[in-house]
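Line order of the protein sequences matches chains A and B.
The first sequence begins at 0 in numbering that gives the first Met the number 0 and counts up by one.
The second sequence begins at 0 in numbering that gives the first Met the number 0 and counts up by one.
Ideal Cβ placement from N, Cα and C applies to all residues, glycine included.
The model shown is predicted, which means the values in this text are computed figures rather than measured ones.
2 protein chains.
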Amino acid sequence: MLGLDPDPAALWPQSGGPAQAAGTPADAAARAILAHCRALIDATAQACVAVKLQLARFEVLGAGGWPVMDELAAHARSLGLLVIADGKRGDIDVSAEAYACALVGGLDTPFGRIDGLGADLVTVNPLMGRDAVEPFVTAARRSGGGVLALVRTSNSGAADIEDLELAGGGTVWERIAAIVDELGRPAVGEAGLSDVGAVVGATEPRHLTRARELMGNAIFLLPGVGAQGGRVEDLAPAFAPGRAGGLVTASRSIANAHLRAGGEPARAAREEAERLRGATWALADRVLGR
Amino acid sequence: MLGLDPDPAALWPQSGGPAQAAGTPADAAARAILAHCRALIDATAQACVAVKLQLARFEVLGAGGWPVMDELAAHARSLGLLVIADGKRGDIDVSAEAYACALVGGLDTPFGRIDGLGADLVTVNPLMGRDAVEPFVTAARRSGGGVLALVRTSNSGAADIEDLELAGGGTVWERIAAIVDELGRPAVGEAGLSDVGAVVGATEPRHLTRARELMGNAIFLLPGVGAQGGRVEDLAPAFAPGRAGGLVTASRSIANAHLRAGGEPARAAREEAERLRGATWALADRVLGR
Numbered sequence: 000m001l002g003l004d005p006d007p008a009a010l011w012p013q014s015g016g017p018a019q020a021a022g023t024p025a026d027a028a029a030r031a032i033l034a035h036c037r038a039l040i041d042a043t044a045q046a047c048v049a050v051k052l053q054l055a056r057f058e059v060l061g062a063g064g065w066p067v068m069d070e071l072a073a074h075a076r077s078l079g080l081l082v083i084a085d086g087k088r089g090d091i092d093v094s095a096e097a098y099a100c101a102l103v104g105g106l107d108t109p110f111g112r113i114d115g116l117g118a119d120l121v122t123v124n125p126l127m128g129r130d131a132v133e134p135f136v137t138a139a140r141r142s143g144g145g146v147l148a149l150v151r152t153s154n155s156g157a158a159d160i161e162d163l164e165l166a167g168g169g170t171v172w173e174r175i176a177a178i179v180d181e182l183g184r185p186a187v188g189e190a191g192l193s194d195v196g197a198v199v200g201a202t203e204p205r206h207l208t209r210a211r212e213l214m215g216n217a218i219f220l221l222p223g224v225g226a227q228g229g230r231v232e233d234l235a236p237a238f239a240p241g242r243a244g245g246l247v248t249a250s251r252s253i254a255n256a257h258l259r260a261g262g263e264p265a266r267a268a269r270e271e272a273e274r275l276r277g278a279t280w281a282l283a284d285r286v287l288g289r
Numbered sequence: 000m001l002g003l004d005p006d007p008a009a010l011w012p013q014s015g016g017p018a019q020a021a022g023t024p025a026d027a028a029a030r031a032i033l034a035h036c037r038a039l040i041d042a043t044a045q046a047c048v049a050v051k052l053q054l055a056r057f058e059v060l061g062a063g064g065w066p067v068m069d070e071l072a073a074h075a076r077s078l079g080l081l082v083i084a085d086g087k088r089g090d091i092d093v094s095a096e097a098y099a100c101a102l103v104g105g106l107d108t109p110f111g112r113i114d115g116l117g118a119d120l121v122t123v124n125p126l127m128g129r130d131a132v133e134p135f136v137t138a139a140r141r142s143g144g145g146v147l148a149l150v151r152t153s154n155s156g157a158a159d160i161e162d163l164e165l166a167g168g169g170t171v172w173e174r175i176a177a178i179v180d181e182l183g184r185p186a187v188g189e190a191g192l193s194d195v196g197a198v199v200g201a202t203e204p205r206h207l208t209r210a211r212e213l214m215g216n217a218i219f220l221l222p223g224v225g226a227q228g229g230r231v232e233d234l235a236p237a238f239a240p241g242r243a244g245g246l247v248t249a250s251r252s253i254a255n256a257h258l259r260a261g262g263e264p265a266r267a268a269r270e271e272a273e274r275l276r277g278a279t280w281a282l283a284d285r286v287l288g289r
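(1) So, with DSSP's three-state summary, where would you put residue 61(B)?
(2) Do residue 1(B) and residue 54(B) have their C-beta atoms closer together than 8 Å?
(3) Can you tell me the Cα-Cα spacing of residue 273(B) and residue 7(A), whole angstroms?
(4) Tell me the DSSP secondary structure of residue 45(B) in three-state form.
(5) In the DSSP assignment, find the unbroken alpha helix (DSSP H) run with residue 129(A) in it and report its ends.
(6) Would you mind telling me which residues of chain B sit closer than 8 Å to residue 171(A), beta carbon to beta carbon, in chain order?
(7) Give the residues of chain B in contact with residue 212(A), contact being defined as C-beta atoms less than 9 Å apart.
(8) With a threshold of 8 Å between beta carbons, is residue 216(A) in contact with chain B?
(9) Interface residues of chain B around residue 255(A) at Cβ under 9 Å?
(10) Just verifying my parser: in three-state terms, what is the DSSP assignment at residue 187(B)?
(11) In the DSSP assignment, the alpha helix (DSSP H) including residue 152(B) goes from what residue to what residue?
(12) Ignore the nearest five residues each way along the sequence and tell me which others in residue 290(B)'s own chain have a CB closer than 6 Å to its CB.
(13) Between the segment 189-206 of chain B and the segment 257-269 of chain A, do three or more beta carbon pairs fall short of 8 Å?
(14) For residue 75(A) versus residue 50(A), is the C-beta spacing smaller than 8 Å?
(15) Write down every uninterrupted run of the alpha helix (DSSP H) in the segment 193-249 of chain A whose length is 4 residues or greater and which is fully enclosed by it, in chain order.
(16) Would the beta-carbon of residue 89(B) fall within 8 Å of that of residue 138(B)?
(17) Contact between the segment 58-70 of chain B and the segment 31-45 of chain A: three or more CB pairs below 8 Å?
(18) Checking contacts by CB at 8 Å: is residue 290(B) closer than that to chain A?
(19) Taking only beta-carbon positions, decide if residue 47(B) is within less than 8 Å of chain A.
(20) Given 8 Å as the limit, is there contact between the segment 162-175 of chain A and the segment 214-224 of chain A, that is, 3 or more CB pairs closer than that?
(21) With a CB to CB cut of under 7 Å and the five nearest residues on each side skipped, what residues in its chain are close to residue 223(B)?
(22) Exposed or buried, residue 185(B), counting other C-beta atoms within 10 Å across all chains shown (16 or more means buried)?
(23) Where does residue 289(A) sit, in a helix, a strand or coil, going by DSSP?
(24) Give the residues of chain B in contact with residue 196(A), contact being defined as C-beta atoms less than 9 Å apart.
(25) Thinking C-beta only, is residue 156(A) closer than 8 Å to residue 245(B)?
(26) Quick check on DSSP: helix, strand or coil for residue 23(A)?
(27) Can you tell me where the beta strand (DSSP E) holding residue 84(A) begins and where it ends?
(28) So with Cβ pairs under 8 Å, would you call residue 166(A) a contact of chain B?
(29) In the DSSP assignment, find the unbroken beta strand (DSSP E) run with residue 121(B) in it and report its ends.
(30) What is the rounded straight-line gap between the Cα of residue 247(B) and the Cα of residue 227(B)?
(31) Taking a Cβ distance cut-off of 8 Å, strictly less, list which residues of the segment 61-95 of chain B are near chain A, in chain order.
(32) How is the beta strand (DSSP E) around residue 113(B) delimited, first residue to last?
(33) Please identify, using Cβ separations under 8 Å, the residues of the segment 5-31 of chain A that lie next to chain B, in order along the chain.
(34) Report the neighbours of residue 238(B) on chain A: residues whose CB is nearer than 9 Å to its CB, in chain order.
(35) Under 9 Å between beta-carbons, which chain B residues line up against residue 153(A)? List them in chain order, please.
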């Protein structure tokens, strides 16, 4: 899966640099980021099942960020890709509902309906508990999408809170995993997968076996491959329920593949995406005994 | 403090209803929300020290949401009010930095500088650990602002994760409180307050004494008064370091005061904000022995 995490200081040359820029800095950066991300999608679509928008990189563009995300989501959908809104939102009832309307569904107002981003999957932060996650599950279930809750993340700080041992046994992240499993249970489909998945970092593969024990039906979003040091080969437990059990996401290692491999950025990105897909499917098929 | 949490279905009548609306539903809703929030700020500014923007309610407006927040933040600042961006963001390094640039600072790009929202304080979610919070602290410290980390929130789901007992003693939220205290220590000012504060719900006042023990220098943002059931009179421990030790925030109870009290919305909102301010200062002065 392609992560869209555009750094305005590291865009592909053909995206239009500052020399060609007109308008405000924000307008120029937004236009170049749109061109860069569209080219990335076009280069890798054949090797991907989804694109993941890192919302922070668009929010930082201010007013111009949302239209860029909207256009990229539409473009990805037109190529048959799923869209993941990676915003890690989490808040109390009415606020969580508003976020869910923004990212997954839409909002009916006295002024008419305001369409949301229309993402298929949305990442959420469960620190505030079940009632901060449920509005996202409800909205996603209504639209046929799903939710991916942070369970055990890929950053080193994950040890500070997520790994704390509980008096009742297990860790904080294992307790979150139990909530994910419970929230997803009413919607386990024929393929054995539910609509409440988990973000489980690829940087600590030792957690994956335990995570799969606790969440047998959850789709795992697996960040941390590539720039953060994780390796596809270590992710076997994710694929126990099937090929769709794990979504391997890479952002910088695809977008910046030409800096390592040389050559044209689009070609290097496609080759890196194809390499990741090949490694992922080979691993999944080995796990599944195919 | 005034919370801006605008529900497009419950705006003040003078904000311009659907009958007067032109343009897309999103444009019309954004215009009416801007008018509603400006009127709320104008009505209550004399009784408030800050406005808190609930980012979800603006994100749900799509592309039109950011300019409305930007204008409201500028308007609040022009009246001498602090601006709090309540987005509860939290993510890995580069993403947390992007959010911090969006909400607190600004981003220098090859296209020029993109200004952020310029908030004075920003709420963050610490589930992912210290390294998900530090970029916000760094950005806020640079601009003279501060960070408010979720510690013990006001929703009932807070019991699911935040209240879990740890094998090493204490709870998850108490461990987060220790991190807040530690992150803020390098920047405790003359008034005895640091630039890393805590969100501590007013709905469970029994936690406040313990929270104050663990975070002696933190500003407490105290949501949950009013619509969620919390009472100012129960918040004494927040004010131990001084009048500025606690920020009592109310959104719906101010915006919808006219539905209870009758009369003109702006007048009812001002009276409710003045009542809350009076109760807050009286409590703080009692705590401080003045």
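On the basis of the coordinates in this document:
(1) helix
(2) no
(3) 46 Å
(4) helix
(5) 129-142
(6) 160, 163, 171
(7) The contacting residues do not exist; residue 212(A) stays about 20 Å from chain B at best.
(8) no
(9) Here the premise fails: no neighbours, minimum Cβ distance about 13 Å.
(10) coil
(11) No alpha helix (DSSP H) contains residue 152(B), which DSSP labels as neither H nor E.
(12) Any property of residue 290(B) remains undetermined from this structure, which presents chain B solely from 0 to 289.
(13) Fewer than three Cβ pairs drawn from the segment 189-206 of chain B and the segment 257-269 of chain A lie within less than 8 Å of each other, which leaves the two stretches out of contact.
(14) yes
(15) For the segment 193-249 of chain A, whole alpha helix (DSSP H) runs of length 4 or above, ordered along the chain, are 205-213.
(16) no
(17) no
(18) It is not possible to answer for residue 290(B), since the shown part of chain B is limited to 0 through 289.
(19) At least 8 Å separates the CB of residue 47(B) from every CB of chain A.
(20) Counting Cβ pairs under 8 Å, fewer than three are found: no touch.
(21) Cβ neighbours of residue 223(B) beyond the five flanking positions: 153, 200, 201, 202, 229.
(22) exposed
(23) coil
(24) In chain order: nothing, as chain B lies at least about 17 Å away.
(25) no
(26) Coil.
(27) Unbroken beta strand (DSSP E) run through residue 84(A): 81-88.
(28) yes
(29) 120-123
(30) Cα-Cα distance, rounded: 13 Å.
(31) 61, 62, 64, 65, 66, 69, 87, 88, 89, 90, 91, 92, 93, 94, 95
(32) Per DSSP, residue 113(B) belongs to the beta strand (DSSP E) from 111-114.
(33) Across the segment 5-31 of chain A, CB contacts with chain B closer than 8 Å involve 6, 7, 8, 16, 17, 20, 23, 24, 25, 27, 28, 31, in sequence order along the chain.
(34) Under the 9 Å cutoff, chain A gives no residues; its nearest Cβ is about 24 Å from residue 238(B).
(35) 91
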